[in-house]
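Visitor: Sharing a structure, written as structure tokens. Questions coming.
There are 2 protein chains.
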Amino acid sequence: MTTHGTPRPESGQHGSGTNLDPWYDLYADRTAGLSASEVRALFAVASRPEVVSLAGGMPFVSALPPELIAGAFERVIRDRGPQALQYGSGQGVPELREQILEIMALEGIRASVDDVVVTTGSQHALELVTKLFINPGDVVLAEGPSYVTAMVVFNSFQADIQHVPMDEHGLIPQALREHIARLAAEGKNIKFLYTVPTFSNPAGVTLTWERRLEILEICRANDILVLEDNPYGLLYFDSPPPQAMRSVEEDGVIYLGTFSKTLAPGFRVGWALAPHAIREKLILANEAAVLSPSSFSQLMISEYLNTADWKGQINTFRGIYHERRDAMLAALAEYLPQLTWTVPNGGFYIWATMPNHLDSKAMLPRAVKELVAYTPGTAFYADGNGRNNIRLSFCYPTPSFIREGIRRLSTVINGELDLLTTFSQTSPLRTVPLQRGIASPPPNID
Amino acid sequence: MTTHGTPRPESGQHGSGTNLDPWYDLYADRTAGLSASEVRALFAVASRPEVVSLAGGMPFVSALPPELIAGAFERVIRDRGPQALQYGSGQGVPELREQILEIMALEGIRASVDDVVVTTGSQHALELVTKLFINPGDVVLAEGPSYVTAMVVFNSFQADIQHVPMDEHGLIPQALREHIARLAAEGKNIKFLYTVPTFSNPAGVTLTWERRLEILEICRANDILVLEDNPYGLLYFDSPPPQAMRSVEEDGVIYLGTFSKTLAPGFRVGWALAPHAIREKLILANEAAVLSPSSFSQLMISEYLNTADWKGQINTFRGIYHERRDAMLAALAEYLPQLTWTVPNGGFYIWATMPNHLDSKAMLPRAVKELVAYTPGTAFYADGNGRNNIRLSFCYPTPSFIREGIRRLSTVINGELDLLTTFSQTSPLRTVPLQRGIASPPPNID
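Line by line, the protein sequences give chains A and B. Anchor point for the first sequence: position 155 equals 1252 in the working numbering, and the numbering is continuous, going up by one each time. Anchor point for the second sequence: position 38 equals 1135 in the working numbering, and the numbering is continuous, going up by one each time.
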């Protein structure tokens, strides 16, 4: 191939284990957007059992009684074995799609079974929607901060991710309005707004009902699709959250749901509920990508929903995560009063803000040395923001481990602060709450 | 959005059920390449039980004893429940990757467990590799005819699919050489050669050992990756096929394997074995797309491989498909001597060539009316070729249904031929065997 810039060295010179990539010139342009997280290697270390991990988003699947899964399996293999083992429809098993309608009805959504597309986790729905809509350079509006692996997908299709600030009530409508106007003036092509409006990942905040209506109106007026990602909505603590954005707007919202948090992620089953025309393209994209989602996983879940007390099981999960959130809030108040943090009414995460001069990514190796891990705030921004933020997950460790993890974290943070006060006589330490985002664009803390 | 050509009509005017797509202007350019197969609607009709379907590629999973699956499940849920229900590694479960090495060793492949990436069926490996390598307009070389849903993937990333002719010994090296030279002269950017060298889908032919070496050499000399897709290699009938192309070339081949044909497609578990540098990017792409492949499916398969006589089970499948191939060959000889066809030594498919003036796509509705279905040859070409070809699958129906299906097909074909001889006095009927492809480019039969 004379068109490649650099000739490939003779094959055979490059055994596995070298860092040279003889195929470097052959990759697509989009592949440059696929890079390993800077903290990935560290997380491998952080998975050692002696480390309290407040970093991951793993649900506490041990709270799921094995006999419920075993019961579902027995019925699947007895009654529907050949179907479970076979290829299926690219849209998903019809009975499961009917059951998904019942689940979404709990959040106010009325829809047709024809418009549900089962996917390999809602992550794959994110990938498929992005593949359908994003040309290189197209804008995706995303909350600041946003779910990290959604941004990995957007980057992998060369999207221009533009953050819109949020506060403790979620995305700020006025900031959204101004941001859209600015991008339109620049001639940018905005395709969709990506939002986790309920118990957001990572901020833990929930978009109010009034703001949901206002944001839907803004997007409608500007021909911008809303991609509503709702993995945590049923996992509320004190009172149910506002109904889904999809409950008031059918044509302008692609809604994503999943069984990963209310049942188990190991099955890799989620779904998209999409406007009619988009749904047809989603099915085609799903078939191209995987032929059909796993029949076995789908029938397992369908039988589980048929016969187990799945709402009771969600209540169990709610109680567990509620207790863990409370443990984390109490530990933060006791050990880290110099931080500010969000108080989530559901979901998995607390978003904490450290004094302004601390750098959560630089601090992470020291934290792991103290046997505690978290996710640095910069992971949740495409623009370098979040330097003094950390995401703390309360979903997986027990309350006593959470308490111990926060205690260890306080050792690290207090050590950092001691260093700063010893060696710096300049600016006083300030806390920077999430609400700073009201002043858009968000300040760049460098 | 002022940048969209057509303003979106007011939301609310478009309930589900209309054909209008208010989001038409928002799709990515690549989405134009995602179109429903022309015969898709017909196949929905063809799935009625009274139709003998020789169209699909569904393995005969009923030959898999349910107790083998149940045994695997019991061990998974007893010993590894929380792992099976949880997120896993983006590369796949290590034990399963070790077992995949044993399977690939049966076809002569020696590899490191580090270079295996588990995917959601090998279909998803095709999608991920294409995402990593294809810019719009890049050339994918593909056998003519080629696996239809591979071409759907290539099209969905805007590849330029260029067919290279094959004969009963597989892809023709000299044609490949000439085609590459011609494309290079045109300044085209060739990224990879896609091939199913063993018991190809749809042609049913197998690339000889000598040609494997020659094609690897041609691709090496031209910096073209080989994407070796091998779902059927272990399902041989009379004698083992030549070893995999990957067995002789490590650096220039991405090898794809799957459990869909040797175990069951309902788990959606396949894999890619990739050169070291590419493997790292594949894992990142896999994580972006699905976070991790299903832990539950992977552990089920791993336990099955651990404890069941999986080689014996493959022998069982071999015997079943062998008998069905023989039934189809006998029926073809008896009922359709005016056709030519390939004689596969394994896999699922026979590729038949009808007299020159017949059009397999136009004929399909009449076939379905006669209660038999097949896949028209044009589905397997990106360039309109294959008009008088049909793919006949012998994997799913029993021998007596295969015989009856071919008998019904002969009624349809003989009816067509009667019409032709009655109404046409012009050119005599000729058969056009697969070997016509030796004259490249393949003739366009319009």
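Think of the CB as a built atom: it goes at the ideal place given N, C-alpha and C, for glycine as much as any other residue.
Determine whether the Cβ of L1073 (chain B) lies closer than 7 Å to any Cβ atom of chain A.
Guide: Absent from the structure is residue 1073 (chain B), since the part of chain B shown begins at 1098 and ends at 1543.
Visitor: Our contact map puts S1457 (chain B) next to R1484 (chain B) with C-beta atoms below 8 Å; I'd like the distance itself, whole angstroms only.
Guide: Walking along the second sequence from the start, residue 1457 (chain B) turns up at place 360. Walking along the second sequence from the start, residue 1484 (chain B) turns up at place 387. With 8 Å as the limit, S1457 (chain B) and R1484 (chain B) qualify as a contact, their Cβ atoms being about 7 Å apart.
Visitor: So with CB distances below 8 Å, who are the chain B contacts of K1378 (chain A)?
Guide: Taking the first sequence and counting its residues from 1, the one referred to as residue 1378 (chain A) is at position 281. Correct list: Y1124, T1128, L1131.
Visitor: Threshold first: 4 residues or longer. Then list the alpha helix (DSSP H) segments lying entirely within the segment 1174–1252 of chain A, N to C.
Guide: 1178–1182, 1191–1202, 1218–1230, all fully within the segment 1174–1252 of chain A.
Visitor: Going by DSSP, what residue range makes up the beta strand (DSSP E) through R1488 (chain B)?
Guide: Residue numbering aside, residue 1488 (chain B) sits at position 391 when the second sequence is read from its first letter. It spans 1486–1490 - the beta strand (DSSP E) in which R1488 (chain B) sits, taken as one unbroken run.
Visitor: Return the first residue and the last residue of the beta strand (DSSP E) that W1448 (chain B) is part of.
Guide: Against the second sequence, residue 1448 (chain B) aligns to sequence position 351. 1446–1450 is the extent of the beta strand (DSSP E) around W1448 (chain B).
Visitor: Using a Cβ-Cβ distance under 7 Å, would A1160 (chain A) count as near chain B?
Guide: To locate residue 1160 (chain A), count along the first sequence from 1; it is residue 63. Cβ-Cβ to chain B under 7 Å: no for A1160 (chain A).
Visitor: Got a sec? Which residues, its chain only, sit under 7 Å from R1500 (chain B) by beta carbon, not counting five neighbours each side?
Guide: Locating residue 1500 (chain B) in the second sequence gives position 403, where the first residue counts as 1. Cβ within range, chain order: A1424, A1428.
Visitor: Do I1231 (chain A) and A1256 (chain A) have their C-beta atoms within less than 7 Å of each other?
Guide: To locate residue 1231 (chain A), count along the first sequence from 1; it is residue 134. To locate residue 1256 (chain A), count along the first sequence from 1; it is residue 159. Contact flag set, yes.
Visitor: Given a cut-off of 7 Å, decide if G1444 (chain B) and L1332 (chain B) are closer than it, judged by their beta-carbon atoms.
Guide: Sequence index remark: in the second sequence, residue 1332 (chain B) carries index 235 (1-based). Sequence index remark: in the second sequence, residue 1444 (chain B) carries index 347 (1-based). Yes; because the gap between Cβ atoms is below 7 Å, this pair is in contact.
Visitor: Starting from the beta carbon of W1368 (chain B), find every residue of chain A whose beta carbon is closer than 8 Å, and list them in chain order.
Guide: In the second sequence, the residue the question calls residue 1368 (chain B) occupies position 271. The premise fails here: W1368 (chain B) is roughly 14 Å from chain A at the closest Cβ pair, so nothing lies under 8 Å.
Visitor: Once you ignore the five residues that flank A1152 (chain A) on each side, which residues in its own chain have a CB closer than 7 Å to its CB?
Guide: Taking the first sequence and counting its residues from 1, one reaches residue 1152 (chain A) at position 55. Closer than 7 Å at the Cβ level, and outside the excluded window around A1152 (chain A), lie F1140, A1143, A1470, Y1471, T1472, S1490.
Visitor: Expressed to the nearest angstrom, what Euclidean distance is found between the alpha-carbon atoms of F1254 (chain A) and Y1124 (chain A)?
Guide: The count along the first sequence starts at 1 and reaches residue 1254 (chain A) at position 157. The count along the first sequence starts at 1 and reaches residue 1124 (chain A) at position 27. Rounded to the nearest angstrom, the two C-alpha atoms are 13 Å apart.
Visitor: What in chain B is Cβ-close to T1217 (chain A), meaning under 7 Å?
Guide: In the first sequence, the residue the question calls residue 1217 (chain A) occupies position 120. Under the 7 Å cutoff, chain B gives T1217, V1387.
Visitor: Is the distance from the Cβ of I1380 (chain A) to the Cβ of G1187 (chain A) below 7 Å?
Guide: Numbered from its first residue, the first sequence carries residue 1380 (chain A) at position 283. Numbered from its first residue, the first sequence carries residue 1187 (chain A) at position 90. It is a contact, given that the beta carbons lie within the stated cut-off.
Visitor: Taking the alpha-carbon positions, what's the S1507 (chain A) to M1451 (chain A) distance?
Guide: Mapped onto the first sequence, residue 1507 (chain A) falls at position 410. Mapped onto the first sequence, residue 1451 (chain A) falls at position 354. Straight-line Cα distance between these residues: approximately 11 Å.
Visitor: Taking 7 Å as the threshold (C-beta atoms), are G1349 (chain A) and V1323 (chain A) in contact?
Guide: Looking up residue 1323 (chain A) in the first sequence gives position 226. Looking up residue 1349 (chain A) in the first sequence gives position 252. In contact: V1323 (chain A) and G1349 (chain A) (Cβ atoms closer than 7 Å).
Visitor: Around the C-beta of D1320 (chain A), are 16 or more other C-beta atoms found within 10 angstroms, so that it is buried, or is it exposed?
Guide: Numbered from its first residue, the first sequence carries residue 1320 (chain A) at position 223. So D1320 (chain A) ends up on the buried side.
Visitor: Would you mind working out which of A:R1421, A:H1454, A:L1165, A:R1422 sits nearest L1436 (chain A), comparing C-alpha positions?
Guide: The count along the first sequence starts at 1 and reaches residue 1436 (chain A) at position 339. Residue A:H1454 is the option with its Cα nearest to L1436 (chain A).
Visitor: Starting from T1246 (chain A), find everything on chain B with Cβ-Cβ shorter than 9 Å and list it in chain order.
Guide: In the first sequence, the residue the question calls residue 1246 (chain A) occupies position 149. Result: E1384, A1385, L1388.
Visitor: What first and last residue would you give for the alpha helix (DSSP H) that runs through Y1471 (chain B)?
Guide: Stepping through the second sequence from its first residue, residue 1471 (chain B) is reached at position 374. Here Y1471 (chain B) belongs to no alpha helix (DSSP H), and DSSP marks it neither H nor E.
Visitor: Report the neighbours of M1155 (chain B) on chain A: residues whose CB is nearer than 7 Å to its CB, in chain order.
Guide: Taking the first residue of the second sequence as 1, we reach residue 1155 (chain B) at position 58. The contacting residues are Q1183, Y1184.
Visitor: Please say whether V1226 (chain B) and W1368 (chain B) have beta carbons closer to each other than 7 Å?
Guide: In the second sequence, residue 1368 (chain B) corresponds to position 271, counting from 1. In the second sequence, residue 1226 (chain B) corresponds to position 129, counting from 1. Not closer than 7 Å, so no.
Visitor: Which value, in whole angstroms, describes the spacing of the CA atoms of R1137 (chain B) and P1462 (chain B)?
Guide: Counted from its first residue, the second sequence places residue 1137 (chain B) at position 40. Counted from its first residue, the second sequence places residue 1462 (chain B) at position 365. Straight-line Cα distance between these residues: approximately 12 Å.
Visitor: Quick one: using the 10 Å Cβ neighbour count with 16 as the cut-off for buried, is D1326 (chain A) buried or exposed?
Guide: Stepping through the first sequence from its first residue, residue 1326 (chain A) is reached at position 229. With 16 or more other Cβ atoms within 10 Å, it is buried.
Visitor: Which of the three DSSP states is assigned to L1324 (chain B) in this structure?
Guide: One-based indexing of the second sequence puts residue 1324 (chain B) at position 227. In this structure, L1324 (chain B) counts as strand in the three-state DSSP scheme.
Visitor: Using DSSP bridges, identify the partner residues of P1262 (chain A).
Guide: Residue mapping note: residue 1262 (chain A) aligns to position 165 of the first sequence, counting from 1. In DSSP, P1262 (chain A) forms a bridge with A:G1241.
Visitor: Flag H1221 (chain A) as yes if its beta-carbon sits less than 7 Å from any beta-carbon of chain B, otherwise no.
Guide: Position 124 of the first sequence, counted from the start, is the residue given in the question as residue 1221 (chain A). So yes, H1221 (chain A) belongs to the interface.
Visitor: Can you check DSSP and say which residues form a bridge with D1257 (chain A)?
Guide: Residue mapping note: residue 1257 (chain A) aligns to position 160 of the first sequence, counting from 1. D1257 (chain A) is bridged to A:V1236.
Visitor: Cβ of R1365 (chain B) less than 7 Å from any chain A Cβ?
Guide: Counting from 1 along the second sequence, the entry for residue 1365 (chain B) is found at position 268. Yes, contact with chain A.
Visitor: Provide the residue span of the beta strand (DSSP E) that contains K1288 (chain B), from first to last.
Guide: Counting from 1 along the second sequence, the entry for residue 1288 (chain B) is found at position 191. Counting along the chain, the beta strand (DSSP E) containing K1288 (chain B) begins and ends at 1287–1292.
Visitor: Roughly how many angstroms lie between the CA atoms of A1341 (chain A) and E1311 (chain A), to the nearest whole one?
Guide: Along the first sequence, one-based indexing puts residue 1341 (chain A) at 244. Along the first sequence, one-based indexing puts residue 1311 (chain A) at 214. Whole-angstrom Cα-Cα distance: 13 Å.
Visitor: Tell me the residue span of the beta strand (DSSP E) that contains V1142 (chain A).
Guide: Here residue 1142 (chain A) corresponds to residue number 45 of the first sequence, with the count starting at 1. Here V1142 (chain A) belongs to no beta strand (DSSP E); instead the alpha helix (DSSP H) covers 1137–1143.
Visitor: At least one CB of chain A closer than 7 Å to the CB of D1176 (chain B): is that the case?
Guide: Position 79 of the second sequence, counting from 1, holds the residue named residue 1176 (chain B). It does not: the Cβ of D1176 (chain B) has no partner Cβ on chain A nearer than 7 Å.
Visitor: Quick check for students: name the residue ranges of the beta strand (DSSP E) that lie wholly in the segment 1311–1371 of chain A, counting only runs of 3 or more.
Guide: Whole beta strand (DSSP E) segments, 3+ residues: 1322–1326, 1350–1355, 1367–1370.
Visitor: At a Cβ threshold of 7 Å, is I1231 (chain B) touching chain A?
Guide: By 1-based counting over the second sequence, the position of residue 1231 (chain B) is 134. Interface residue, yes.
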